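Asker: Attaching a single structure in structure tokens format; questions to follow.
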Amino acid sequence: MTTPAPSFTLEAFHNEYLPEGGGEVDVIVSVTASGLGAATTSTDAAEVIVIDCSGSMGDPAAKIAAARRATRAAIDALPDGVLFAVVAGRHDARMVFPRSERMVVLDRITRRQARAAVEGLFPSGGTAIGTWLRLAERLLAPHRRRLRHAVLLTDGRDEHETPEDLAAALDACDGAFTCDARGVGTDWVVDEVRGIASRLLGTADIVAEPENLAADFEGIVGRAMGKGAGDVALRVWTPRGATVRAVKQVSPAVEDLTERRTPDPAKPLIGLYPTGAWGDETREYHVRVTLDPLAAGEEILAARVGIAAPSVSDTPLGETRVRVTWTPDSALSTRLNNRVAHYTGQAELAEAIQEGLDARRSGDVRTATARLGRAVALAAESGHEETSALLERVVEVEDPATGRVRLRREVTAADEMTLDVRSSKTARVREG
Amino acid sequence: MVRCRHGHDSETPDFCDECGVPIDDAAPAAAASAPARSSSGASSGPVAPARPAPPASFPGEVCPRCGTPRTGRFCEEDGHDFVVSGSTPAPAPDASPTPGPVPASAPSSNGHGWVVTVEADRRYYESMVAREGPDIAAVTFPNYYPRAEVPLVGEEVRVGRRRVRGSATPPHVDLAGPPLDPGVSHLHAVLLPLPDDDGWSVLDPGSTNGTTINYADEPIARDTVVPLRDGDRVHVGAFTTLVLARR
Chain A
38 MTTPAPSFTL
48 EAFHNEYLPE
58 GGGEVDVIVS
68 VTASGLGAAT
78 TSTDAAEVIV
88 IDCSGSMGDP
98 AAKIAAARRA
108 TRAAIDALPD
118 GVLFAVVAGR
128 HDARMVFPRS
138 ERMVVLDRIT
148 RRQARAAVEG
158 LFPSGGTAIG
168 TWLRLAERLL
178 APHRRRLRHA
188 VLLTDGRDEH
198 ETPEDLAAAL
208 DACDGAFTCD
218 ARGVGTDWVV
228 DEVRGIASRL
238 LGTADIVAEP
248 ENLAADFEGI
258 VGRAMGKGAG
268 DVALRVWTPR
278 GATVRAVKQV
288 SPAVEDLTER
298 RTPDPAKPLI
308 GLYPTGAWGD
318 ETREYHVRVT
328 LDPLAAGEEI
338 LAARVGIAAP
348 SVSDTPLGET
358 RVRVTWTPDS
368 ALSTRLNNRV
378 AHYTGQAELA
388 EAIQEGLDAR
398 RSGDVRTATA
408 RLGRAVALAA
418 ESGHEETSAL
428 LERVVEVEDP
438 ATGRVRLRRE
448 VTAADEMTLD
458 VRSSKTARVR
468 EG
Chain B
449 MVRCRHGHDS
459 ETPDFCDECG
469 VPIDDAAPAA
479 AASAPARSSS
489 GASSGPVAPA
499 RPAPPASFPG
509 EVCPRCGTPR
519 TGRFCEEDGH
529 DFVVSGSTPA
539 PAPDASPTPG
549 PVPASAPSSN
559 GHGWVVTVEA
569 DRRYYESMVA
579 REGPDIAAVT
589 FPNYYPRAEV
599 PLVGEEVRVG
609 RRRVRGSATP
619 PHVDLAGPPL
629 DPGVSHLHAV
639 LLPLPDDDGW
649 SVLDPGSTNG
659 TTINYADEPI
669 ARDTVVPLRD
679 GDRVHVGAFT
689 TLVLARR
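From first to last, the protein sequence lines stand for chains A and B. The opening residue of the first sequence carries number 38 in the numbering used here; numbering runs sequentially from there. The opening residue of the second sequence carries number 449 in the numbering used here; numbering runs sequentially from there.
Shown next as structure tokens:
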């Protein structure tokens with residue numbers, strides 16, 4: 038049986054006409070990976086499972102019991118050959134399996150030992166997530182496996198260290214592994230969990246009910262093992278004198294990468310933006326470039342966007358060109374590309390939700406109503422049904438077209454946090 | 449390797465990997481060191497028939513370092529930055545401009561020598577305190593502020609606070625301090641020459657805390673060109689003030 042070679046296909050969507058004197062180019066680049074699912078074998082992967090064992094995990098006791106079940110489900114979802122470890126997170130970080138600070142290869146025997154060791158996850162102590170991440174980094178960094186991944190579970194605020202400690206730990210972990218982060222219950226802080234996942238190029242989500250943890254963990258580990266390429270970067274060339282104003286993932290979720298540029302050492306006009314690990318999937322990016330305006334009729338290449346995936350190929354994979362022409366015809370230059378418009382709206386939707394919820398928490402009813410109303414209108418207009426449904430649990434919608442809403446008086450913490458943590462998920466552009 | 453019409457060697461055969469212009473089939477790299485333009489003999493040869501000459505907005509200007517005619521902000525040959533002096537890749541003797549062609553940054557390019565003086569303005573700061581400006585309580589007026597004079601040249605003079613990280617070009621008037629004025633945005637305001645060498649104007653592209661002029665109560669409208677006169681005071685941030693003067 039032959040397996041398809043790994044490949045990335047890129048396509049650019051933009052208005053290729055600029056007005057005279059104008060220089061701002063907005064482009065949506067759609068990146069589709071294929072042949073990657075088959076590229077993974079279990080000996081390419083390393084996985085660390087980090088479980089919150091602070092005292093609050095025992096209240097109610099169902100929480101720690103659910104965490105143990107979820108950890109066993111994750112271990113069961115890992116194939117033989119994967120390097121793995123289980124860590125208990127408290128005000129410090131402790132090895133649960135193996136007992137010493139190292140990783141072991143999963144096989145029939147270590148799997149049984151690990152399942153038994155999970156009973157040792159016991160709630161006592163505090164919460165210092167930075168120390169948990171640093172232990173995961175020490176475990177994963179020595180192994181040059183293609184995929185280095187952690188799954189992290191917390192149920193509370195990161196209160197036994199400073200925000201600076203957590204930020205410094207994230208700096209140390211950046212590039213060492215990717216991490217999916219989950220909050221269980223409703224006593225954790227959305228910004229903390231989102232910040233961890235965002236920096237470590239993973240996903241963040243809420244698992245409000247402990248009994249749903251096992252299924253969620255099984256899904257996370259399954260998806261992580263389906264990624265055939267790690268350390269993939271978006272490669273953006275722009276001409277000398279141009280400025281890359283923004284590079285943002287806009288699908289499946291909004292993730293700003295602008296500040297994460299590293300220049301290509303050999304070619305300073307090329308910037309690399311980290312995108313983590315990829316399976317067979319499609320992601321879309323919004324790139325904004327400003328150019329020095331040229332005369333009408335001049336054509337120039339505003340950007341060349343490709344993929345660098347050193348774990349599967351030494352040479353850049355896939356490429357799309359963003360060409361622009363200056364024109365005096367304003368009928369051409371003022372056209373807004375569909376896809377650019379759609380994702381600009383989706384990014385505004387995410388922002389409107391987060392600002393609206395912030396205002397609601399600080400008691401600013403007027404701002405909260407206005408921002409969440411705007412979010413309702415944007416979600417309706419773009420057909421984002423999932424977000425529309427989540428918004429309706431926080432506001433009463435009187436008219437979705439104009440965004441006229443009233444704040445609901447009684448909103449459960451779980452509904453509010455679910456809306457918050459999922460606010461950055463975007464709807465795909467509707468074809469046709 | 450191919451060569452573009454601006455004379456860059458390009459590894460990519462379709463568009464120049466330096467300046468992005470389309471590469472003409474008629475100008476293969478084998479044309480050695482001569483620019484592609486001259487290989488056709490006639491001055492309006494087949495190399496770039498329909499293309500207008502490089503935009504004529506810099507008539508007669510040449511790079512002060514290598515003499516190449518200016519076509520944009522950066523010299524096509526050696527990357528010299530015509531707008532921000534001193535940002536060229538190699539050190540350039542700045543105190544001794546070539547006696548020949550006038551470099552773009554000569555103060556005479558806008559008729560007269562206009563300058564802004566950057567200072568900390570106590571009266572403006574106190575008016576912000578009196579109006580309880582955003583977070584003003586957290587900002588103290590600096591006991592020492594180095595006065596700086598910046599000549600106004602070029603097509604725009606950006607005013608703001610340099611980003612600590614990131615590759616954005618630093619503003620021409622960099623207010624990163626010390627002392628730091630936390631009310632200044634990364635790109636706070638832009639000074640723009642008025643047509644006919646008739647002085648300068650200011651535009652606020654959307655700063656967080658706004659830009660005011662001559663102790664006014666209301667900030668100027670966003671994204672609007674506001675002409676300035678000799679002696680006008682432009683306030684940005686919590687105390688920083690730019691005073692415009694003709695020299």
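All residues carry an ideal CB built from backbone N, CA and C; glycine is no exception. For clarity, every value in this text was computed on a predicted model and none was experimentally measured.
Within the 8 Å Cβ cut-off, does B:Thr-617 reach chain A?
Answerer: Along the second sequence, one-based indexing puts residue 617 of chain B at 169. By this cut-off, B:Thr-617 is an interface position.
Asker: Taking the alpha-carbon positions, what's the B:Val-682 to B:Ile-661 distance?
Answerer: To locate residue 682 of chain B, count along the second sequence from 1; it is residue 234. To locate residue 661 of chain B, count along the second sequence from 1; it is residue 213. Each residue's Cα considered, the two are about 5 Å apart.
Asker: Can you tell which of B:Pro-461, B:Val-691 and B:Glu-459 has its C-alpha closest to the C-alpha of B:Ala-596?
Answerer: The residue given as residue 596 of chain B occupies position 148 in the second sequence. Selected option, being the one with the closest Cα: B:Val-691.
Asker: According to the neighbour-count rule (16 or more other Cβ atoms, all chains shown, within 10 Å of its Cβ), is B:His-454 buried or exposed?
Answerer: Within the second sequence, the letter at position 6 stands for residue 454 of chain B. Looking at its Cβ environment, which holds 16 or more other Cβ atoms inside 10 Å, B:His-454 is buried.
Asker: Given that A:Pro-276 touches chain B, what residues does it touch there, using C-beta distances under 9 Å?
Answerer: Here residue 276 of chain A is taken as the residue at index 239 of the first sequence, counted from 1. Ordered by position in chain B, the residues that pass the 9 Å Cβ test against A:Pro-276 are Phe-463, Cys-464, Asp-465, Glu-466, Cys-467, Gly-468 and Val-469.
Asker: Taking C-beta pairs closer than 7 Å, name the residues in chain B that A:Glu-336 reaches, listed in chain order.
Answerer: Numbered from 1 along the first sequence, position 299 holds the residue referred to as residue 336 of chain A. Going along chain B in sequence order, the residues near A:Glu-336 (Cβ under 7 Å) are Pro-470.
Asker: Strictly under 8 Å for the Cβ-Cβ distance: is A:Thr-280 near chain B by that measure?
Answerer: Along the first sequence, read from residue 1 onward, the residue named residue 280 of chain A stands at position 243. Closer than 8 Å to some Cβ of chain B, the Cβ of A:Thr-280 qualifies, so yes.
Asker: From the DSSP secondary-structure annotation, give me the bridge partner or partners of A:Trp-363.
Answerer: As a working mapping, residue 363 of chain A is identified with position 326 in the first sequence. Its beta-bridge partners are A:Leu-55.
Asker: Is A:Thr-404 closer than 8 Å to A:Ala-339 when the C-beta atoms are compared?
Answerer: Sequence index remark: in the first sequence, residue 339 of chain A carries index 302 (1-based). Sequence index remark: in the first sequence, residue 404 of chain A carries index 367 (1-based). Cβ atoms of A:Ala-339 and A:Thr-404: not closer than 8 Å.
Asker: Within 8 Å (strictly less), CB to CB, does A:Ala-339 reach chain B?
Answerer: One-based indexing of the first sequence puts residue 339 of chain A at position 302. A:Ala-339 counts as touching chain B.
Asker: Quick check on DSSP: helix, strand or coil for A:Lys-285?
Answerer: Locating residue 285 of chain A in the first sequence gives position 248, counting from the first residue. Strand.
Asker: Please name the residue, chosen from A:Thr-439, A:Thr-449, A:Val-281 and A:Ala-213, that lies closest to A:Gly-267 on a Cα-to-Cα basis.
Answerer: Position 230 of the first sequence holds residue 267 of chain A. Closest option to A:Gly-267, Cα to Cα, is A:Ala-213.
Asker: Compute the Euclidean distance between the alpha carbons of A:Thr-424 and A:Glu-84, then round it to the nearest angstrom.
Answerer: As a working mapping, residue 424 of chain A is identified with position 387 in the first sequence. As a working mapping, residue 84 of chain A is identified with position 47 in the first sequence. Whole-angstrom Cα-Cα distance: 31 Å.
Asker: For B:Val-621, which residues from the same chain have a beta carbon less than 6 Å from its beta carbon, with the 5 sequence-adjacent residues on both sides left out?
Answerer: Indexing the second sequence from 1 puts residue 621 of chain B at position 173. Same-chain partners within the cutoff: Val-598 and Val-607.
Asker: How about the region 203-220 of chain A and the region 236-246 of chain A: do they share at least three Cβ pairs that are nearer than 8 Å?
Answerer: yes
Asker: Is it true that the CB of A:Leu-271 sits closer than 8 Å to the CB of A:Thr-312?
Answerer: Sequence index remark: in the first sequence, residue 312 of chain A carries index 275 (1-based). Sequence index remark: in the first sequence, residue 271 of chain A carries index 234 (1-based). Cβ distance < 8 Å, so A:Thr-312 and A:Leu-271 count as in contact.
Asker: Can you say whether A:Ala-111 is buried or exposed, counting buried as having 16 or more other CB atoms within 10 angstroms of its CB?
Answerer: Taking the first sequence and counting its residues from 1, the one referred to as residue 111 of chain A is at position 74. Buried.
Asker: Quick one: what does DSSP say A:Glu-423 is sitting in, helix, strand or coil?
Answerer: Start at 1 with the first residue of the first sequence, and residue 423 of chain A comes out as number 386. The three-state reading of DSSP puts A:Glu-423 in helix, counting H, G and I together.
Asker: Suppose you measure from the CA of A:Ala-104 to the CA of A:Glu-356; what does that come to, to the nearest Å?
Answerer: In the first sequence, residue 104 of chain A corresponds to position 67, counting from 1. In the first sequence, residue 356 of chain A corresponds to position 319, counting from 1. About 43 Å.
Asker: If you follow the alpha helix (DSSP H) that A:Asp-457 is part of, which residue opens it and which one closes it?
Answerer: Locating residue 457 of chain A in the first sequence gives position 420, counting from the first residue. That run of the alpha helix (DSSP H) goes 450-458.
Asker: Please decide whether B:Ile-584 counts as near chain C, where near means a Cβ-Cβ distance under 8 Å.
Answerer: Absent here is chain C; the protein component of the structure consists of chains A and B.
Asker: Per DSSP, what are the beta-bridge partners of A:Ile-337 in this structure?
Answerer: Along the first sequence, one-based indexing puts residue 337 of chain A at 300. Bridge partners of A:Ile-337: A:Val-361.
Asker: Fully enclosed by the region 635-680 of chain B, which beta strand (DSSP E) runs are 3 residues long or longer?
Answerer: DSSP runs (the beta strand (DSSP E)) wholly in the region 635-680 of chain B: 637-641, 648-651 and 659-661.
Asker: Quick check: the region 251-270 of chain A against the region 179-186 of chain A, are there 3 or more CB pairs under 8 Å?
Answerer: Contact check between the region 251-270 of chain A and the region 179-186 of chain A: three or more CB pairs, one atom from each, fall below 8 Å, which counts as touching.
Asker: Taking only the alpha-carbon atoms, compute the straight-line gap between A:Gly-232 and A:Tyr-310 and give it to the nearest angstrom.
Answerer: Locating residue 232 of chain A in the first sequence gives position 195, where the first residue counts as 1. Locating residue 310 of chain A in the first sequence gives position 273, where the first residue counts as 1. Answer to the nearest angstrom: the Cα atoms are 18 Å apart.
Asker: With distances taken Cα to Cα, identify the nearest neighbour of B:Val-605 among B:Pro-618, B:Tyr-593 and B:Arg-611.
Answerer: On the second sequence, position 157 is the one that residue 605 of chain B refers to. Cα-wise, what sits closest to B:Val-605 is B:Pro-618.
Asker: Let me make sure I understand the geometry here. Which of A:Ser-460, A:Asp-452, A:Ser-91 and A:Leu-172 has the alpha-carbon closest to that of A:Leu-415?
Answerer: As a position in the first sequence, residue 415 of chain A is number 378, starting the count at 1. The shortest C-alpha separation from A:Leu-415 is found at A:Ser-460.
Asker: What beta strand (DSSP E) runs, 3 residues minimum, are completely inside the region 209-236 of chain A?
Answerer: Counting whole runs of 3 or more residues, the region 209-236 of chain A contains the beta strand (DSSP E) stretches 215-221.
Asker: Excluding the five sequence neighbours on either side, which residues of its own chain have a C-beta within less than 7 Å of the C-beta of A:Arg-109, listed in chain order?
Answerer: Along the first sequence, one-based indexing puts residue 109 of chain A at 72. Contacts found: Arg-152 and Val-155.
Asker: With DSSP as the reference, label A:Asp-253 as helix, strand or coil.
Answerer: To locate residue 253 of chain A, count along the first sequence from 1; it is residue 216. Helix, per DSSP.
Asker: Please identify the residue among A:Thr-439, A:Arg-443, A:Glu-418 and A:Ser-419 whose C-alpha is closest to the C-alpha of A:Glu-429.
Answerer: Here residue 429 of chain A refers to the residue found at position 392 when the first sequence is read from its first residue. Checked all of A:Thr-439, A:Arg-443, A:Glu-418 and A:Ser-419; the closest Cα to A:Glu-429 is A:Arg-443.
Asker: Assuming the contact rule is C-beta atoms closer than 8 Å, A:Leu-372 and A:Gly-393 should be a hit. Round their C-beta distance to whole Å, please.
Answerer: The sequence position of residue 372 of chain A within the first sequence is 335, counting from 1. The sequence position of residue 393 of chain A within the first sequence is 356, counting from 1. For the sequence presented, residue 372 of chain A should be read as Arg rather than Leu. Between A:Gly-393 and A:Arg-372 the Cβ distance is about 31 Å, and since that is not below 8 Å, they are no contact.
Asker: Mind checking who A:Val-258 pairs with in its DSSP beta bridge?
Answerer: On the first sequence, position 221 is the one that residue 258 of chain A refers to. Paired residue(s): none; A:Val-258 is not in a bridge.
Asker: From A:Tyr-54 to B:Thr-565, what does the alpha carbon distance come to, in whole angstroms?
Answerer: For this step, residue 54 of chain A is matched to residue 17 along the first sequence. For this step, residue 565 of chain B is matched to residue 117 along the second sequence. Just so you know, the alpha carbons of A:Tyr-54 and B:Thr-565 end up roughly 40 Å apart.
Asker: My assumption, with CB atoms under 8 Å, is that A:Asp-452 sits in contact with A:Val-431. Please give the rounded CB distance.
Answerer: The residue given as residue 452 of chain A occupies position 415 in the first sequence. The residue given as residue 431 of chain A occupies position 394 in the first sequence. Rounded to whole angstroms, the Cβ separation of A:Asp-452 and A:Val-431 is 6 Å, and the two are in contact under 8 Å.
Asker: Quick one: residues in its chain with C-beta nearer than 7 Å to the C-beta of B:Leu-635, no 5 flanking neighbours on either side, listed in chain order?
Answerer: The residue you call residue 635 of chain B lines up with position 187 of the second sequence. For B:Leu-635, where only same-chain residues beyond five positions count, the Cβ hits under 7 Å are Arg-606, Gly-608, Pro-619 and Pro-653.
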